[in-house]
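Structure first, then comments.
In my numbering, the protein residues as written are 279 to 382.
See the structure below:
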């Protein structure tokens, strides 16, 4: 029962940080998702680590799975948050520096 109380306190604190400070949202998301990552790493280790004597297969699968999820989230966020204009606006030619050569 004390572990459940700690988890609830941490989750409430994470939500409070996210609500108060925009910069704290990354920390809040990490606090909210870390139990899922830790649990999946443990369970995959229990089920798969004994299959390879010299290689922690469960931990490897947890890392590959977590990295894949992270890449998908970043790519989707980049696609959803990309700017609406993709043109590059250059200043007019009249303000560009000119080079002059002098013959001496």
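All residues carry an ideal CB built from backbone N, CA and C; glycine is no exception.
Shown here, residue 334 sits in coil according to DSSP, grouped into three states, outside any helix or strand. Close CB contacts of residue 339 within its chain, under the 8 Å cut and outside five residues either way in sequence, are with 322 and 326 (chain order). Assignment of residue 311 by DSSP, reduced to helix, strand and coil, places it in the helix class.
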